[in-house]
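Visitor:
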Amino acid sequence: MMRKTLIVAIAILLVTACNTGESRKKDTADQSATQETVSMLAGLKHAAVEGIMFGHQDDLSYGTGWVYPDGESDVRRVTGDYPAVCGMDLGDIEHLSPVNLDSVPFDHMKIFARQVWERGGVITFSWHVDNPLTGGNSWDISSDKVVASVLPGGEKHDEFRVWLDNLAEFLGSLTDDQGVAIPVIFRPWHEHTGSWFWWGQKLCTAEEFIALWRFTFDYLCNEKNIHNLLFAYSSGGDIENMEQYLERYPGDDYVDIVGFDYYQMPDAGNSSFTVNVSRVLDIVTEAASGHGKLAALTEAGYEGIPDSAWWTTAFWPAIKDHHISYALVWRNAHNRPGHFYAPHPDHVSAADFISFYNLPETLFQKEITALDIYNRE
């Protein structure tokens, strides 16, 4: 009798264990993610087998010598095609400002998101959120108490919840003509391994950062019912080893994509950029493989791109041998001469960028449209 009881007990435990595993049926971190968001993740995985998607920050918002004309894009002006990934930033949405920190109207962003979605492209949002404790911007690092202040029990927690409410309102408003929520990559608290943002390495403990990430995830997904997000964990480029990269990793249940940001500095040669990006990608892609996530170069570039062959002799060699989903270069500011990271038609690197575009392994909008990434299982 005891033996039979023991067998039954073991069977119950096995069934329970199976059911617990089955309770996480979706590959997305958010287990209530919309079908379109789940399909997006599957599509990104499929696309990564075909090649590396190219992305550009604020591609549709403005560029060299222009602002906001419908359908314009510096990448398109050079190649005849849009980037596969369009990045935008949500800084100042926390205040319900009509424009973001770079003066892009949030209403325009909704239009751009719909356009990219309708073409079958990918949208990613970063968030340069202001400092709630000091009243400064993201770069205000005058206090190392900011993260603690926004966590539950902190003096700015209630205000931070309001800021997340405002963020959620915007993210929830991203819908197509049929009212379908447009799936996007959300990349909060980026470059946290540096100390130039108030959530950075020297401004909070690892435990505080992880708590900040998890609270943001839980509040958006579980409190506000925003279910069209893939979450991207994105360090700075100052990564030496796996332990450092994962020190503030919030956990597999809170992340869909792992990446990092890296820029070529004016006093550094191309070989330094290529070697360092490739080295960190070795770490990040290993982390992605070990944790079942996608990998990406979430921000990169060379301001002004003074090298006429940079795309095929520095950028492409840095990423080509790594299994990553996308590589995104930063914005082409319309009001800061020389502050651009993708070429315009008259730029010295335009011809080389076309060569980069024509590589069979680089994916732009036309390839992504053909891959139909939102209809993948």
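When the sequence shown is numbered by the numbering used here, its final residue is 1395 and no position is left out of the sequence of numbers.
For each residue, glycine too, the CB sits at the ideal point set by N, CA and C.
So within the segment 1271-1342, which uninterrupted beta strand (DSSP E) runs reach at least 3 residues, ignoring any that extend past its ends?
Guide: DSSP runs (the beta strand (DSSP E)) wholly in the segment 1271-1342: 1275-1282 and 1312-1320.
Visitor: Is it the case that the Cβ atoms of PHE1215 and SER1253 are separated by a distance below 7 angstroms?
Guide: Indexing the sequence shown from 1 puts residue 1215 at position 197. Indexing the sequence shown from 1 puts residue 1253 at position 235. In this structure, SER1253 does not lie closer than 7 angstroms to PHE1215 by Cβ.
Visitor: I'd like the ranges of any alpha helix (DSSP H) spanning at least 4 consecutive residues and lying wholly in the segment 1214-1278.
Guide: Qualifying alpha helix (DSSP H) stretches, in chain order: 1224-1236 and 1260-1264.
Visitor: Excluding the five sequence neighbours on either side, which residues of its own chain have a C-beta within less than 8 angstroms of the C-beta of LEU1264, listed in chain order?
Guide: The residue given as residue 1264 occupies position 246 in the sequence shown. Only ALA1305 meet the Cβ criterion.
Visitor: Measuring only the C-alpha atoms, how far is LEU1346 from GLY1172?
Guide: Along the sequence shown, one-based indexing puts residue 1346 at 328. Along the sequence shown, one-based indexing puts residue 1172 at 154. Taking the straight line from one Cα to the other gives about 35 angstroms.
Visitor: Report the residue from ILE1159, PHE1178, PHE1371 and GLY1322 whose alpha carbon sits nearest the alpha carbon of VAL1168.
Guide: What you label residue 1168 is simply residue 150 of the sequence shown in a count that begins at 1. Among ILE1159, PHE1178, PHE1371 and GLY1322, the Cα nearest to that of VAL1168 is on PHE1178.
Visitor: Taking the C-alpha atoms as reference points, what is the distance between LEU1230 and SER1326?
Guide: Taking the first residue of the sequence shown as 1, we reach residue 1230 at position 212. Taking the first residue of the sequence shown as 1, we reach residue 1326 at position 308. Answer to the nearest angstrom: the Cα atoms are 42 angstroms apart.
Visitor: Nearest to ASN1237 by alpha carbon, out of LEU1108, ASP1339 and LEU1182?
Guide: Residue 1237 sits at position 219 when you count from the first residue of the sequence shown. First, the residue type needs correcting, since residue 1237 is Tyr and not Asn in the sequence shown. Considering only alpha carbons, the answer is LEU1182.
Visitor: What did DSSP end up calling TYR1100 once you bin it into helix, strand or coil?
Guide: Here the question's residue 1100 lines up with position 82 in the sequence shown. Reduced to three states, the DSSP call for TYR1100 is coil.
Visitor: In this structure, does DSSP put LEU1377 in helix, strand or coil?
Guide: If you number the sequence shown from 1, residue 1377 lands on position 359. Reduced to three states, the DSSP call for LEU1377 is coil.
Visitor: CA-CA distance, VAL1096 and SER1144?
Guide: Translated into the one-based positions of the sequence shown, residue 1096 becomes position 78. Translated into the one-based positions of the sequence shown, residue 1144 becomes position 126. Near 25 angstroms, if we compare the C-alpha coordinates of SER1144 and VAL1096.
Visitor: Using 7 angstroms as the threshold, is the C-beta distance between GLY1109 and GLN1075 below it?
Guide: Within the sequence shown, the letter at position 91 stands for residue 1109. Within the sequence shown, the letter at position 57 stands for residue 1075. Cβ distance not < 7 angstroms, so GLY1109 and GLN1075 don't count as in contact.
Visitor: Quick one: what does DSSP say ILE1159 is sitting in, helix, strand or coil?
Guide: Counted from its first residue, the sequence shown places residue 1159 at position 141. The answer is coil: DSSP assigns ILE1159 none of H, G, I, E or B.
Visitor: So what's LEU1108 in DSSP terms, helix, strand or just coil?
Guide: The residue you call residue 1108 lines up with position 90 of the sequence shown. Three-state DSSP puts LEU1108 in coil, outside helix and strand.
Visitor: To the nearest angstrom, report how far apart LEU1389 and VAL1056 are at their CA atoms.
Guide: Your numbering for residue 1389 matches position 371 in the sequence shown. Your numbering for residue 1056 matches position 38 in the sequence shown. Taking the straight line from one Cα to the other gives about 16 angstroms.
Visitor: According to DSSP, TRP1084 sits in a beta bridge with which residue or residues?
Guide: Residue numbering aside, residue 1084 sits at position 66 when the sequence shown is read from its first letter. Partner(s): GLY1081.
Visitor: In angstroms with no decimal places, state the Cα-to-Cα distance between VAL1140 and VAL1134.
Guide: Here residue 1140 refers to the residue found at position 122 of the sequence shown. Here residue 1134 refers to the residue found at position 116 of the sequence shown. Cα to Cα, the separation comes out at about 7 angstroms.
Visitor: Count the CB pairs spanning the segment 1242-1257 and the segment 1046-1056 that are closer than 8 angstroms, and state whether there are at least three.
Guide: Yes: the two stretches touch, three or more of their Cβ pairs being nearer than 8 angstroms.
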